[in-house]
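This report refers to the structure that appears directly beneath it.
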Amino acid sequence: MAHSAVGVIFSNIHDDNLPELSRHRTMASVPFGGRYRLIDFTLSNIVNSGITTVGIVTKNNYQSLIDHLGSGKDWDLARKDGGIILLPPYSNETDAPYTTRLEALMGITGFLNRRNEDYVVITDCDGIARVDLQEILRFHEEKQADITMVYHEETEAAQSSYYITLQPDETGRIKGLKINPKLKKEKYNLYVNIMVMSREFLINTIQDAVTRGLSSFGRDILAKNVDTLRIFGYKFNGYYATISSLQNYYSHSMELLSREVRDELFGARDVYTKIRDSAPSKYAAGAVVKNALVSDGCVIEGTVENSILFRGVKVEKGSVVKNSIIMQDTVIGANVDLDCVITDKNVVIRDGRHLAGCEALPYFVGKGRML
Amino acid sequence: MLRKKECVAMLLAGGQGSRLYALTNNIAKPAVAFGAKYRIIDFPLSNCVNSGIDTVGVLTQYEPLELNEYIGNGQPWDLDRAFGGVHILSPYQAKKKQSWFEGTANAIYQNMSFMKKYNPDYILILSGDHIYKMNYAEMLRAHKATGADCTIAAIEVPLKEASRFGILNTREDGSIYEFEEKPKQPKSNLASMGIYIFTAEKLFKYLEEDDANPSSSKDFGKDVLPAMLNAGEKMFSYRFRGYWKDVGTISSLWESNMDLLGEDPAFDVGDSDWKIHSRNPLAPPEHIGDGAQVSNSMVALGCEVDGTVIHSVLASNVVVEEGAVVEDSVIMAGTVVKKGAKVRYSIIDENVVVEEGAVVGEPKEAGNGIAVLGRNITVAGTVAGGKIIDKDYKGE
Numbered sequence: 000m001a002h003s004a005v006g007v008i009f010s011n012i013h014d015d016n017l018p019e020l021s022r023h024r025t026m027a028s029v030p031f032g033g034r035y036r037l038i039d040f041t042l043s044n045i046v047n048s049g050i051t052t053v054g055i056v057t058k059n060n061y062q063s064l065i066d067h068l069g070s071g072k073d074w075d076l077a078r079k080d081g082g083i084i085l086l087p088p089y090s091n092e093t094d095a096p097y098t099t100r101l102e103a104l105m106g107i108t109g110f111l112n113r114r115n116e117d118y119v120v121i122t123d124c125d126g127i128a129r130v131d132l133q134e135i136l137r138f139h140e141e142k143q144a145d146i147t148m149v150y151h152e153e154t155e156a157a158q159s160s161y162y163i164t165l166q167p168d169e170t171g172r173i174k175g176l177k178i179n180p181k182l183k184k185e186k187y188n189l190y191v192n193i194m195v196m197s198r199e200f201l202i203n204t205i206q207d208a209v210t211r212g213l214s215s216f217g218r219d220i221l222a223k224n225v226d227t228l229r230i231f232g233y234k235f236n237g238y239y240a241t242i243s244s245l246q247n248y249y250s251h252s253m254e255l256l257s258r259e260v261r262d263e264l265f266g267a268r269d270v271y272t273k274i275r276d277s278a279p280s281k282y283a284a285g286a287v288v289k290n291a292l293v294s295d296g297c298v299i300e301g302t303v304e305n306s307i308l309f310r311g312v313k314v315e316k317g318s319v320v321k322n323s324i325i326m327q328d329t330v331i332g333a334n335v336d337l338d339c340v341i342t343d344k345n346v347v348i349r350d351g352r353h354l355a356g357c358e359a360l361p362y363f364v365g366k367g368r369m370l
Numbered sequence: 000m001l002r003k004k005e006c007v008a009m010l011l012a013g014g015q016g017s018r019l020y021a022l023t024n025n026i027a028k029p030a031v032a033f034g035a036k037y038r039i040i041d042f043p044l045s046n047c048v049n050s051g052i053d054t055v056g057v058l059t060q061y062e063p064l065e066l067n068e069y070i071g072n073g074q075p076w077d078l079d080r081a082f083g084g085v086h087i088l089s090p091y092q093a094k095k096k097q098s099w100f101e102g103t104a105n106a107i108y109q110n111m112s113f114m115k116k117y118n119p120d121y122i123l124i125l126s127g128d129h130i131y132k133m134n135y136a137e138m139l140r141a142h143k144a145t146g147a148d149c150t151i152a153a154i155e156v157p158l159k160e161a162s163r164f165g166i167l168n169t170r171e172d173g174s175i176y177e178f179e180e181k182p183k184q185p186k187s188n189l190a191s192m193g194i195y196i197f198t199a200e201k202l203f204k205y206l207e208e209d210d211a212n213p214s215s216s217k218d219f220g221k222d223v224l225p226a227m228l229n230a231g232e233k234m235f236s237y238r239f240r241g242y243w244k245d246v247g248t249i250s251s252l253w254e255s256n257m258d259l260l261g262e263d264p265a266f267d268v269g270d271s272d273w274k275i276h277s278r279n280p281l282a283p284p285e286h287i288g289d290g291a292q293v294s295n296s297m298v299a300l301g302c303e304v305d306g307t308v309i310h311s312v313l314a315s316n317v318v319v320e321e322g323a324v325v326e327d328s329v330i331m332a333g334t335v336v337k338k339g340a341k342v343r344y345s346i347i348d349e350n351v352v353v354e355e356g357a358v359v360g361e362p363k364e365a366g367n368g369i370a371v372l373g374r375n376i377t378v379a380g381t382v383a384g385g386k387i388i389d390k391d392y393k394g395e
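If you want it as structure tokens, here you go:
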């Protein structure tokens, strides 16, 4: 029997990691993988784990997110009871909107109180992975944990402005928890911002924090109580990509060109996204396409190599697009040369332009620009 | 105030489509896949929605299960409405009698109560086996302007093919003075497209009379339209000048798919002013591999192409492995063409496995026709051009 749980997604929490792409949108609505937004992966994990109530905590710039989510029907989350529930900041004239995760949670206690599910899954939406949340809920119950935190073993230095590393013992219980530690080139356990606890525990914890005037979930609740609370670490062994900079946005996007990664992310379960009713992509007689991920609605007349094309992209004759990420409805004119370029939505690149970046520093063209 | 709909569409989707052979073994013709992500019925349904008609009865009879499932609550076409929307109308058992739909007119007659519920002024009759984009609202405007009792959409066809169609002989003002169903010696090349707008009361009257007539075959083209004409009702043709294709045969289905290709395609499904809505596959973007060659083709989401695809239409989740060649072909969803296999001038239905090294079809120039593989089968060896295979096959 599946555990009953409600999901809580933070849509804005890491916006500052990716200013280029989140200037006009939430982290949740950052486009990824040709036809998705980052939140699609998290929402799909939630839906595929049998969770049908999801509160989405927003703060600012969430028009694009509302537009993307609509009624939630594309995720099968247009429900009479539950479904997608947007939770904009709750504030009055004297209070500013929240600045920390804990304050955001304080603002949604009404939502948490009204639900009747046993557990809460709290997650950010900067992770690309296929996670079975029921398995984590089972683990949580089996360990009789107060809090279960999901981690992934990493070797590359963290690029996020805020991150937590975990030191579990052999039973999985967390013995050490560090916030923003200095990392050397070694393996470490990065908390991937997915956390499970009982709804009751969360409500009590929030109330306690309110009375004591606490402000940081990581520092004041997790780090301070590592010895007294039963905090367990669940090791996620599959593919897990955390998007925390434009550079790793680029490199993780390119990983989708590997069949193993695609099979893991898309193979066994569906990833849901907003339906746009685009026509299938057309490849012209002179098109040359090698190792590329192409979404629907594209028209390719030129050459595309090692690249990702989002929906509705046009690549005209004589153009060569290499090692690039071209977002929705970008038009690339004739005889254009692109190498290591990321174009945001609705960019127009006029005939004959040459643009190049490098893997460590992809050349970024902002939304709606015309070059 | 009485709730009403000005125009209700009735879509005839019960046809068996026997000339599509293996492709309609288990599904109704309107459910046949078309253009990499569509099914034939998406076109009339999208036309309805884009024309502002939001109440559609879909009449099913032959193998309706997949079609019913595909249409579902109509949400992909925005036809899940509180009042109106799309409804599947199947033959049913009534207190006094039970019967299958006996002809196109009888199918509509049996669903009179469905239409009357909406208190419509006009009824639009459509068929589910044509590929076209048409604004029915303009046709309705013409119907009102002429004050006709019945307006029939018509298109010019080559005179030598005219005997396959219902032919309209019209006066200069477009009014019809004669209607000939599949004439041996056609007097004009103006063919009925099987799209009719009736003023609702007239339709109901003639359907009642037709039902009471024991010698009628209960068909629109053969019975109802001639009866109306004989009685002197006002009947007008409505000229349509766009792309329109009856995809009732293997070769016309193939041609119509190919009409989507090319720089300036005969039929464009990518037109954002007239979107064709469909139930979308849940699939990641297609991946075109390092050694692949894809040209003059249409490829849907979820495909994995490592071989060569030329002048072909690939539906979602099709796999073309290394060294495999697909040319001049239509491949439907989920089919796998394994290493080194060659597919030429063929239509392959859903979820077929073409084994390594198999050869399906022959080049078009060979003149042996289109090879057809039915769904859910595994095929090895050589399948000659023009052959139709609907069971697992290991060559001859």
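Line order of the protein sequences matches chains A and B. Under numbering that gives the first Met the number 0, residues 0 to 370 are what the first sequence spells out, in order. Under numbering that gives the first Met the number 0, residues 0 to 395 are what the second sequence spells out, in order. All C-beta atoms in this analysis are idealised placements derived from N, C-alpha and C, irrespective of residue type, glycine included.
- Of the candidates 252(B), 126(B), 289(B), 279(B), the residue whose Cα lies closest to the Cα of residue 195(B) is 126(B).
- Taking the beta carbon of residue 270(A) as reference, the chain B residues within 8 Å of it are 281, 283, listed in sequence order.
- Contact between residue 309(B) and residue 326(B) is confirmed by a C-beta separation of about 5 Å, below the 8 Å threshold.
- Here the C-alpha atom of residue 191(B) lies approximately 46 Å from the C-alpha atom of residue 355(B).
- Taking the beta carbon of residue 349(B) as reference, no residue of chain A falls within 8 Å; the closest one sits roughly 15 Å away.
- For residue 168(A), the closest of 181(A), 159(A), 178(A), 188(A) by C-alpha to C-alpha distance is 188(A).
- The C-beta of residue 24(A) comes no closer than 8 Å to any C-beta of chain B.
- Around the Cβ of residue 267(A), a 10 Å sphere holds fewer than 16 other Cβ atoms; the residue is exposed.
- DSSP assignment within the stretch 249-296 of chain B yields the following whole beta strand (DSSP E) runs of 3 residues or more, N-terminal first: 285-287, 292-294.
- Contact residues of the stretch 46-74 of chain A toward chain B are 72 (C-beta to C-beta distance below 8 Å).
- Annotated three-state conformation of residue 42(B) is helix, per DSSP.
- With 16 or more neighbouring CB atoms inside 10 Å of its own CB, residue 349(B) falls in the buried class.
- The residue among 280(B), 287(B), 260(B) with its C-alpha nearest the C-alpha of residue 295(B) is 260(B).
- Assignment of residue 89(A) by DSSP, reduced to helix, strand and coil, places it in the coil class.
- In this structure, DSSP gives residue 6(B) an extended state, which the three-state scheme calls strand.
- Setting aside the 5 residues that flank it on each side, residue 41(B) is surrounded in the same chain by 275, 277, each with a C-beta closer than 6 Å to its C-beta; the list follows chain order.
- Chain B places no beta carbon closer than 8 Å to that of residue 30(A), leaving this residue out of the contacts.
- From the beta-carbon of residue 97(A), no residue of chain B is found nearer than 9 Å; the closest lies around 35 Å away.
- Distance from the CA atom of residue 194(A) to the CA atom of residue 97(A), rounded to whole angstroms, is 20 Å.
- A Cβ-Cβ separation of about 6 Å places residue 315(B) in contact with residue 36(B) under the 8 Å criterion.
- Residue-level contact check: residue 265(A) touches chain B, since one or more beta carbons of chain B fall below 8 Å from its beta carbon.
- By the CB criterion at 8 Å, residue 100(A) and residue 9(A) fall inside the cutoff.
- Not one beta carbon of chain A lies nearer than 8 Å to the beta carbon of residue 258(B).
- The alpha helix (DSSP H) runs of length 4 or more contained entirely in the stretch 197-222 of chain A are, from start to end of the chain, 198-211.
- In chain order, 276 make up the part of chain A whose C-beta sits under 7 Å from the C-beta of residue 274(B).
- For residue 376(B), not one C-beta of chain A is nearer than 8 Å to its own C-beta.
- The three-state reading of DSSP puts residue 238(B) in strand, counting E and B together.
- For residue 316(B), the nearest beta carbon of chain A is not closer than 8 Å to its own beta carbon.
- In this structure, the alpha-carbon of residue 329(A) lies about 24 Å from that of residue 289(B).
- In this structure, residue 192(A) sits near residue 126(A), with a CB-CB distance shorter than 8 Å.
- With respect to residue 83(A), residue 53(A) sits close: the two C-beta atoms are nearer than 8 Å.
- Interface flag for residue 290(A) against chain B is set, since a Cβ pair is found closer than 8 Å.
- Taking the beta carbon of residue 297(B) as reference, the chain A residues within 9 Å of it are 278, 279, 280, 281, 282, listed in sequence order.
- Cβ neighbours of residue 124(B) within its own chain (closer than 6 Å, five residues either side excluded): 9, 195.
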